[in-house]
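*Asks:* Chains L and C, in that order, are what the protein sequence lines are.
Following my numbering, the numbering of the first sequence begins with 406 at its first residue and continues without gaps.
Following my numbering, the numbering of the second sequence begins with 566 at its first residue and continues without gaps.
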Amino acid sequence: MNNLARRTFILTLLATSGMAACQQHAATAANFFPDSAPGWSKSSEVRTFSPDRLSEYIDGDAEKYLKAGIESASTADYKYKNQMQATVDVYTMSSADAAKTVLDSEPAMDAQTPTLGDAARLYAQSLIFRKGPYLVRMVAYQESPQLPPALLDLGHALESKLTR
Amino acid sequence: MKDMPEKSRRDFLRDCAIGALAAGAAPLAFAGDVNPAYANQPKSKVIIARDPALYGSGANPEATRIEKILDRAMQAFSDSADPIAPWKRIFQPSEVVGLKVNTIAGPGLSTHVALVEAICERLKQAGVKTGNIIVWDRTNGELERAGFTLSSDPNRECVIGTDSKDIGYQETVMTFGTVKTRLSNLLIRCDAMINVPILKHHSGAGITLAMKNMYGVNNNPDKLHANNCCPAVADLNMLPPIRTKFRLVVADAMTGCFEAGPGFKPQYAWKYNGIIVASDPVAIDQTAWDIIETQRATHGLKPLPQVGLTPKYIAVAANAEHRLGTNDPSRIALEEV
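1) At a CB-CB cut-off below 7 Å, which residues of chain C make contact with L/T492?
2) So, is the C-beta of C/D731 closer than 8 Å to a C-beta in chain L?
3) On a CA-only basis, which of C/P672, C/N720 and C/K689 is nearest C/A711? Give me that one, please.
4) Can you tell me the Cβ-Cβ gap for L/F620 and L/V541, rounded? I've got them flagged as a contact below 8 Å.
5) Counting pairs of Cβ atoms below 8 Å between the region 852-867 of chain C and the region 811-822 of chain C, do you hit three or more?
6) Along chain B, which residues have their Cβ under 7 Å away from the Cβ of C/D787?
7) What is the DSSP secondary structure of C/S609, counted as helix, strand or coil?
8) What is the DSSP secondary structure of C/H767, counted as helix, strand or coil?
9) Measure the C-alpha to C-alpha separation of L/R526 and C/A882 and round it to an integer number of angstroms.
10) DSSP three-state label for C/A588, please.
11) Measuring CB atoms only, is the region 468-484 of chain L touching the region 498-510 of chain L, in the sense that at least three cross pairs come out at less than 8 Å?
12) Just the Cα atoms here: how many angstroms apart are C/N903 and C/Y734?
13) Would you give the residue range spanned by the alpha helix (DSSP H) that C/D850 belongs to?
14) Give the residues of chain L in contact with C/P831, contact being defined as C-beta atoms less than 9 Å apart.
15) Please classify C/K665: is it buried, with 16 or more other beta-carbons within 10 angstroms of its beta-carbon, or exposed?
16) Which whole-angstrom value is the C-beta distance of C/V761 and C/L680, which I expect to be below 8 Å?
17) On the three-state DSSP scale, how would you describe L/G465?
18) Chain L partners of C/H790, CB-CB under 7 Å?
19) In the structure shown, what three-state DSSP assignment does C/D598 receive?
20) Say whether chain L places a C-beta atom closer than 8 Å to the C-beta of C/S675.
21) Could you tell me the alpha carbon to alpha carbon distance between C/N778 and C/I725, rounded to whole angstroms?
22) From C/G839 to L/T433, what does the alpha carbon distance come to, in whole angstroms?
23) C/L664 lies in the beta strand (DSSP E); which residues open and close that run?
24) Whole angstroms is fine: what's the gap from C/K810's alpha carbon to L/S449's?
25) So if DSSP puts L/Q490 in a beta bridge, which residue, or which two residues, is it bridged to?
26) Please determine if the region 488-499 of chain L and the region 790-802 of chain C are in contact, where contact requires at least 3 C-beta pairs separated by less than 8 Å.
27) Using a Cβ-Cβ cut-off of 8 Å, state whether L/E511 counts as contacting chain C.
28) Give me the Cα-Cα distance between C/R747 and C/T737, rounded to the nearest whole angstrom.
29) With DSSP as the reference, identify every bridge partner of C/G821, one or two as the case may be.
30) Between C/P827 and chain L, is there a C-beta pair that is closer than 8 Å?
31) Please report whether the beta-carbon of C/L866 lies at a distance below 8 Å from any beta-carbon of chain L.
32) Do C/S659 and C/A650 have their C-beta atoms within less than 8 Å of each other?
33) Please check the pair C/S716 and L/D466, which I expect to be a contact at CB under 8 Å, by giving their CB distance rounded to whole angstroms.
34) Fully enclosed by the region 620-666 of chain C, which alpha helix (DSSP H) runs are 4 residues long or longer?
35) Between C/D850, C/S622 and C/M739, which lies nearest to C/L804 when the distance is taken from Cα to Cα?
36) Would you decide whether C/T610 is buried or exposed? Buried here means 16 or more other CB atoms lie within 10 Å of its CB.
Rendered as structure tokens:
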């Protein structure tokens, strides 16, 4: 094999393995999102973003994830009793420390701290928790007294699927 | 370019591509064509109109109240007793007018559809043809997630993303300072633009309102975030199609974000219940910075400069090299109505 052929072979191999890794990430990420949880049903396909495309999804937020170390971000929409809408993001970080770095970079404000994953913060309209290298962010678009316990239900359903 | 209703929407989309090629062939001017609304004015007017009952008891602001604060702001902005007159003064009936909205953060923190509808209504009352109004952002997906209904029906406003088939970005790379980029064919297609951004903290730039919203009109915003997006934001705003076509900012400040933006995180969002109007993008961004700092202080958060997030691009946009407007409070005529 001459030099050019060897180089072409190596580049093809790298490209193929890169694509395979990306597809594997997407396939794994899709498994994180339960189709349903008490009151909840998934209402969209799972979209997955590689680090180089992260800013397409979260714009300027991307920088802190990239700095901490991220492998991929996946997102899907949910509906609660067909009334309330929420978006769930799962960030697969490079390590548990990286997930902690991102969570700790945001002020806790008046969060409740339910038992979920390694650390969790619950607000009136959102739930954030981390478990190992995963950081999960759930955001609802309406307020309701039903929402915080419902977010926790969805959080528990999702947590059980976060395995590598 | 005029009288779009007489053409099919397919023709319009095709013309976007042709117009882009024509623009690419023309020499690119980078000086001497500053929009007079943006610079060299004795004072830049910034009008804030708020309504504490804007949201009523619901999750969304009430459309009738949005119309009222829009009229109050525009009438104060142009010293007019007539709500239609300001629009007639700024836009000609023959023009294609674009509204650049901000929809990247999804339903919780995007330009409200009701505000866009109110602006479109006033434009039409001022004589702008329905089919000559284009509401746009980067992608169709983001517009839809934010609640907009995509449309290419010539009997109503066009609502479309740059990622639509047959739209895309110009072939020509435009440059100023640190920025090398290709602009949306939708921007090239419009004669005049209204910037309809959102009041937000930004984890890279410090804050985002008018000038940073231009990161949605070009093909490579991800390459422009270094050093607090400075001087990239100011440099991007110097490109002639941006500098000369954007005549008005109508900022959606109904819900703002004071921390961990620009994504929607409800715990860092608050109801400011207002809209902010200006033609000077620097003055309105300086005002937005002040508003966000005030809200941060109420939550005990440090000022942005103390956490390494000074929105440095604002001062750069006002410097002698850019002259996009003023950040000098003594030259900003701030009025709350």
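Glycine included, every Cβ here is placed at the ideal spot set by N, Cα and C.
All figures in this text were calculated on a predicted structure; none of them were measured in a lab.
*Replies:* Judging by the given coordinates:
1) Taking the first sequence and counting its residues from 1, one reaches residue 492 of chain L at position 87. Ordered by position in chain C, the residues that pass the 7 Å Cβ test against L/T492 are G671.
2) Taking the first residue of the second sequence as 1, we reach residue 731 of chain C at position 166. C/D731 does not count as touching chain L.
3) Taking the first residue of the second sequence as 1, we reach residue 711 of chain C at position 146. Looking at the Cα atoms, C/P672 is the closest of the given residues.
4) As shown, chain L starts at 406 and ends at 569. That puts residue 620 of chain L outside it, with no answer to give.
5) yes
6) Here chain B cannot be found, since the structure's protein chains are L and C.
7) Here residue 609 of chain C is taken as the residue at index 44 of the second sequence, counted from 1. Here DSSP, grouped into helix, strand and coil, assigns C/S609 to strand.
8) For the purposes of this step, residue 767 of chain C is identified with residue 202 of the second sequence, where counting begins at 1. Reduced to three states, the DSSP call for C/H767 is strand.
9) Within the first sequence, the letter at position 121 stands for residue 526 of chain L. Within the second sequence, the letter at position 317 stands for residue 882 of chain C. Spanning the two alpha carbons is a distance of roughly 39 Å.
10) The residue you call residue 588 of chain C lines up with position 23 of the second sequence. With a pLDDT of only 40 at C/A588, under the threshold of 50, the placement of this residue in the model should not be trusted; the figure read from the coordinates follows. C/A588 falls in the helix class under three-state DSSP.
11) yes
12) Nothing can be reported for residue 903 of chain C, as the shown portion of chain C is limited to 566 through 902.
13) Reading the second sequence from its first residue, position 285 is the one you call residue 850 of chain C. Residues P846 to T863.
14) Along the second sequence, read from residue 1 onward, the residue named residue 831 of chain C stands at position 266. Proximity of chain L to C/P831 at the Cβ level (cut-off 9 Å) is accounted for by Y528, A529, Q530, S531, V544, A545, Y546 and E548, in chain order.
15) If you number the second sequence from 1, residue 665 of chain C lands on position 100. Here C/K665 is buried: its Cβ has 16 or more other Cβ atoms, across all protein chains shown, within 10 Å.
16) Locating residue 761 of chain C in the second sequence gives position 196, where the first residue counts as 1. Locating residue 680 of chain C in the second sequence gives position 115, where the first residue counts as 1. The Cβ separation is near 7 Å, so the contact holds.
17) Within the first sequence, residue 465 of chain L is the residue found at index 60, counting from 1. DSSP places L/G465 in the helix class (H, G or I) of the three-state scheme.
18) Here residue 790 of chain C corresponds to residue number 225 of the second sequence, with the count starting at 1. In chain order: G465 and E468.
19) Translated into the one-based positions of the second sequence, residue 598 of chain C becomes position 33. Reliability of the predicted coordinates at C/D598 is poor, the pLDDT of 42 falling under 50, and no value is obtained from them.
20) Here residue 675 of chain C refers to the residue found at position 110 of the second sequence. It does not: the Cβ of C/S675 has no partner Cβ on chain L nearer than 8 Å.
21) Against the second sequence, residue 778 of chain C aligns to sequence position 213. Against the second sequence, residue 725 of chain C aligns to sequence position 160. The straight-line gap from Cα to Cα measures roughly 17 Å.
22) Taking the first residue of the second sequence as 1, we reach residue 839 of chain C at position 274. Taking the first residue of the first sequence as 1, we reach residue 433 of chain L at position 28. Between C/G839 and L/T433, the C-alpha separation is close to 43 Å.
23) If you number the second sequence from 1, residue 664 of chain C lands on position 99. First-last of the beta strand (DSSP E) with C/L664: V662 to V666.
24) Taking the second sequence and counting its residues from 1, the one referred to as residue 810 of chain C is at position 245. Taking the first sequence and counting its residues from 1, the one referred to as residue 449 of chain L is at position 44. Going by the C-alpha atoms only, they are around 37 Å apart.
25) Within the first sequence, residue 490 of chain L is the residue found at index 85, counting from 1. Paired residues: L/K484.
26) no
27) As a working note, residue 511 of chain L is residue 106 in the first sequence. At least one chain C Cβ lies under 8 Å of L/E511.
28) The sequence position of residue 747 of chain C within the second sequence is 182, counting from 1. The sequence position of residue 737 of chain C within the second sequence is 172, counting from 1. When rounded, the distance between both Cα atoms is 6 Å.
29) Translated into positions along the second sequence, residue 821 of chain C becomes position 256. C/W835, per the DSSP bridge assignment.
30) Translated into positions along the second sequence, residue 827 of chain C becomes position 262. Contact with chain L is found for C/P827, since one of that chain's Cβ atoms lies less than 8 Å from the residue's Cβ.
31) In the second sequence, residue 866 of chain C corresponds to position 301, counting from 1. Yes, its Cβ sits closer than 8 Å to a Cβ of chain L.
32) Mapped onto the second sequence, residue 659 of chain C falls at position 94. Mapped onto the second sequence, residue 650 of chain C falls at position 85. No, Cβ-Cβ distance for C/S659 and C/A650 is not below 8 Å.
33) For the purposes of this step, residue 716 of chain C is identified with residue 151 of the second sequence, where counting begins at 1. For the purposes of this step, residue 466 of chain L is identified with residue 61 of the first sequence, where counting begins at 1. That pair is no contact at about 30 Å.
34) 628-642 and 650-655
35) Taking the second sequence and counting its residues from 1, the one referred to as residue 804 of chain C is at position 239. Out of C/D850, C/S622 and C/M739, the CA that lies nearest to the CA of C/L804 is found in C/M739.
36) Locating residue 610 of chain C in the second sequence gives position 45, counting from the first residue. It is Lys, not Thr, that sits at residue 610 of chain C in the sequence shown. The residue is buried, with at least 16 neighbouring Cβ atoms inside 10 Å.
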